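To get our numbering, take the position in the sequence shown, counting from 1, and add 392. Everything below concerns the one structure shown next.
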Amino acid sequence: MNYSTDEISLMKEASKVADLPNKISNTDSMEALAEMEIPDPNKQMVSARDINHRKFQGGAFWQHIPAFKDVTEEEFLDTKWQNKNTIHKIGKLQEFLIGLTSEEFIKDAVKGMDEAPMNLRLSPYILSRIDWNDPYNDPLRIQFIPLGASREPDHPRLTLDSLSEQDDSPVSGLVHRYFDKALFLPLDVCPVYCRFCTRSYAIGSDTDSVEKVSFKPVPDNWNKAFAYIASRPEIEDIVVSGGDAYMLVPNRIRQIGEMLLNIPHIRRIRFATKGPAVMPMKILTDTEWTEALIDMVDLGRSMGKEVVLHTHFNSANEITNITKDAMDLLFKRGVTVRNQSVMIRGVNDTAEEMIHLVRKLSYMNVQPYYVYQHDMVKGTEEMRTSVAQTQEIERSVRGVTAGFNTPLFVTDAPGGGGKRDVHSYDYYDKVTGISVYRSPSVDEDKLYLYFDPISSLPIEGQKMWEDESVHEDLIQNAIKASGFAHLTMAV
Ligand SMILES: *Cc1c(COP(=O)(O)O)cnc(C)c1O
Ligand code: SF4
């Protein structure tokens, strides 16, 4: 078997020890290997494309944006500079986009913002990762900037708090749905506002179309949540989400971490943040914040408890050299990072994209934990995928890498059923797009239904949903077919 020079250099490249300090020199052993006769392979040599998840965008990539053409690396990496230059208002976005992209797109974005339930927050990092020559198809644009033109009408079964979190809240800002874990929402701000956010019922300030429940970062509220947690011996696991832990000042990270770690039955804490996907430099340059997090991880470890970071990358385009450096720093300091993605049409809804993302995350020592079926959130119909499509991607991803780096594909069952393996429905009809789930650990007497986006259905199914008078029959038929008609449907 002879390899081409390209293939040999690829092998050499691939076997280099990662770029760590104190790296062990492996040149001698590599030279010895070069002398060996290469055993006959049982597999085709991979192409460079198959391992391109190891390439991370470096250089001053932001300088191709006219507004950032003179921005130095030092400035761009500075969290304060990122925050100061973050765009919050559609008017500012309009100004930023003039000359950068088509007028048609700009008009469309203004219209989209008028109708959207979410606020806008776009860091220079995000703005410089969007391909403004083709913003319609860009995976970051799709997540963060709504458009007027691409709106699909909401599914008739959509509700704003589709997860019914407010029903499972003993205290404002705390969701206790599962037996031993709870979700603490200490604040309502994020480093970016995602169009698809499950918590659009609470996150960000009010927009014209939605009046929000407010979780003010008032420690008094927090104390109520802590008191509840302390009173429930079964709770071992707290997700600190929000909002977003990126927006907590270092002292608040410490306050929350120490308070929770001091509750004897708390064994696991996760700080959740989308931050690394939209402003990775904070981990490198907002030293106080990063050290506060690391201190909590170390404090937890010293007590025999686990404190980790959960983040939220959806597309490989969110990841650059800066991200890699940030994740390397956390890894070296002993911080476990796990990732939760949302399956989004046009962002990561092909096997190729999802596998690429999973491999890239794994390469940075970020463990792909979950991929969520898109929640049924108002105004995001064109972002959802069908259960069938998610399952097909799940099938393709399983086996491409280590099992512990293979995400679980889950549906957060509408009506408060919690997370279900996407393929664990008791019934699914690809024509009506109705799937029926049970969730015995949350409520054994209930059935939970998810509805595929109507545009993903075959014409026959689309026609059925056009006729409002048959909707109830479609649902009742699905429930009957599931074999669990004696249970009650969660709304
Ligand atoms: C997702 C979630 C959790 C954490 O669940 P895991 O499956 O352990 O990640 C806890 N509480 C609520 C309400 C959640 O939605
Ligand atoms: S960062 Fe998370 S909580 Fe905030 S808007 Fe995005 S999905 Fe919602």
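The beta carbon of each residue, even a glycine, is placed where N, CA and C say it ideally should be. In this text, all values refer to a predicted model and were calculated from it rather than measured experimentally.
Point to revise | Through-space distance from residue 741 to residue 817, alpha-carbon basis | key: Residue 817 and residue 741: Cα-Cα distance of roughly 20 Å.
Point to revise | Unbroken beta strand (DSSP E) run spanning residue 760, endpoints | key: 758 to 764 is the extent of the beta strand (DSSP E) around residue 760.
Review point. Per DSSP, which one or two residues make a beta bridge with residue 835?
Key: Residue pairing by DSSP places residue 835 opposite 831 in a beta bridge.
Review point. Cα separation between residue 606 and residue 582?
Key: Only weak support is given to the placement of residue 606: the predicted model assigns it a pLDDT of 44, under 50, and the question is left unresolved by the model.
Point to revise | Burial state of residue 516 (16 or more Cβ within 10 Å) | key: Residue 516 comes out buried.
Practice item. Can you tell me which of 853, 877, 875 and 848 puts its alpha carbon nearest to the alpha carbon of residue 544? Key: When C-alpha distances from residue 544 are compared across 853, 877, 875 and 848, the shortest belongs to 848.
Review point. Residues bridged to residue 873 by DSSP?
Key: Residue 873 is not bridged by DSSP to any residue.
Check your understanding: Helix, strand or coil for residue 477 per DSSP?
Key -> Of the three classes helix, strand and coil, the one that applies to residue 477 here is coil, per DSSP.
Check your understanding: Can you name, in chain order, every residue of its own chain whose Cβ lies under 6 Å from the Cβ of residue 728, other than the five neighbours on each side?
Key -> Here the set comprises 700.
**Study point:** Bounding residues of the beta strand (DSSP E) (the contiguous stretch that carries residue 630)
**Key:** Residues 629 to 632.
Review point. Beta strand (DSSP E) containing residue 731: first to last residue?
Key: Residue 731 -> beta strand (DSSP E) spans 729 to 734.
Review point. Within the present structure, is the beta-carbon of residue 800 separated from the nearest heavy atom of ligand 1 by less than 6 Å?
Key: Not under cutoff, so the answer is no.
Review point. Does the Cβ of residue 811 lie closer than 6 Å to at least one heavy atom of ligand 1?
Key: Judged by the Cβ position, residue 811 qualifies as a neighbour of ligand 1 at the 6 Å threshold, a heavy atom of the ligand being closer than this.
Exercise for review: Let me know the secondary structure DSSP gives residue 490 once reduced to three states.
Suggested key: Collapsing the DSSP output to three states places residue 490 in a strand.
**Study point:** Supposed contact pair residue 684 and residue 645 - C-beta distance, whole angstroms, cut 8 Å
**Key:** Yes, residue 645 and residue 684 are in contact; Cβ-Cβ is about 4 Å, under 8 Å.
Review point. Nearest-angstrom Cα distance between residue 744 and residue 523?
Key: Cα atoms of residue 744 and residue 523: separation of roughly 20 Å, rounded to the nearest angstrom.
**Study point:** Straight-line Cα distance separating residue 778 from residue 736
**Key:** Straight-line Cα distance between these residues: approximately 10 Å.
Exercise for review: Confirm the yes/no value for this check: CB of residue 636, any heavy atom of ligand 4, distance under 6 Å.
Suggested key: Because ligand 4 does not appear in the structure shown, any question about it cannot be addressed here, the ligands present being ligand 1 and ligand 2.
Check your understanding: What first and last residue would you give for the beta strand (DSSP E) that runs through residue 698?
Key -> Where residue 698 is concerned, the enclosing beta strand (DSSP E) stretches over 698 to 703.
**Study point:** Contact the segment 749 to 758 vs the segment 819 to 826: 3+ CB pairs below 8 Å
**Key:** Result no; under three Cβ-Cβ pairs closer than 8 Å.
Point to revise | DSSP three-state assignment for residue 648, whether helix, strand or coil | key: Here residue 648 carries a helix assignment [DSSP, helix/strand/coil].
Check your understanding: If we ignore side chains and look at the alpha-carbon of each, how far apart do residue 613 and residue 623 end up?
Key -> Each residue's Cα considered, the two are about 16 Å apart.
Point to revise | Whole-angstrom distance between residue 579 and residue 765, CA atom to CA atom | key: Cα-Cα distance, rounded: 25 Å.
Review point. Considering only C-alpha positions, which residue in the set 704, 783, 774 and 739 is nearest to residue 758?
Key: Of the candidates 704, 783, 774 and 739, the residue whose Cα lies closest to the Cα of residue 758 is 704.
Practice item. Please classify residue 534: does DSSP put it in a helix, a strand, or coil? Key: Residue 534 falls in the helix class under three-state DSSP.
**Study point:** For residue 567 and residue 555, the rounded distance between their alpha carbons
**Key:** Each residue's alpha carbon lies about 11 Å from the other.
Exercise for review: Since I believe residue 845 is in contact with residue 445 (beta carbons under 8 Å), could you give me their beta-carbon distance rounded to a whole number of angstroms?
Suggested key: 29 Å between Cβ atoms; not a contact.
Point to revise | Cutoff 8 Å; reference residue 448; Cβ partners in own chain excluding five residues on either side | key: For residue 448, where only same-chain residues beyond five positions count, the Cβ hits under 8 Å are 711, 712, 713, 715 and 716.
Check your understanding: If you measure from the CB of residue 872, is any heavy atom of ligand 2 nearer than 6 Å?
Key -> Residue 872: no, Cβ never under 6 Å from ligand 2.
Exercise for review: Could you tell me whether the Cβ atoms of residue 659 and residue 584 are closer together than 7 Å?
Suggested key: No; because the gap between Cβ atoms is not below 7 Å, this pair is not in contact.
Check your understanding: When you compare only the Cα positions, how much space is there between residue 355 and residue 588?
Key -> The structure shown does not extend to residue 355, since the chain is modelled only from 393 through 883, so no value can be given for it.
Check your understanding: What do you get for residue 361, buried or exposed, if any count of 16 or more other CB atoms within 10 angstroms of its CB means buried?
Key -> Because the chain is modelled from 393 through 883, residue 361 falls outside the range shown and cannot be assessed.
Review point. Within 6 Å: the Cβ of residue 659 and any heavy atom of ligand 1?
Key: Flag unset: Cβ of residue 659 not near ligand 1.
Check your understanding: Going by DSSP, what residues sit across from residue 803 in a beta bridge?
Key -> In DSSP, residue 803 forms a bridge with 812.
**Study point:** Buried or exposed (CB count within 10 angstroms, at least 16 for buried), residue 438
**Key:** Flag for residue 438 reads exposed.
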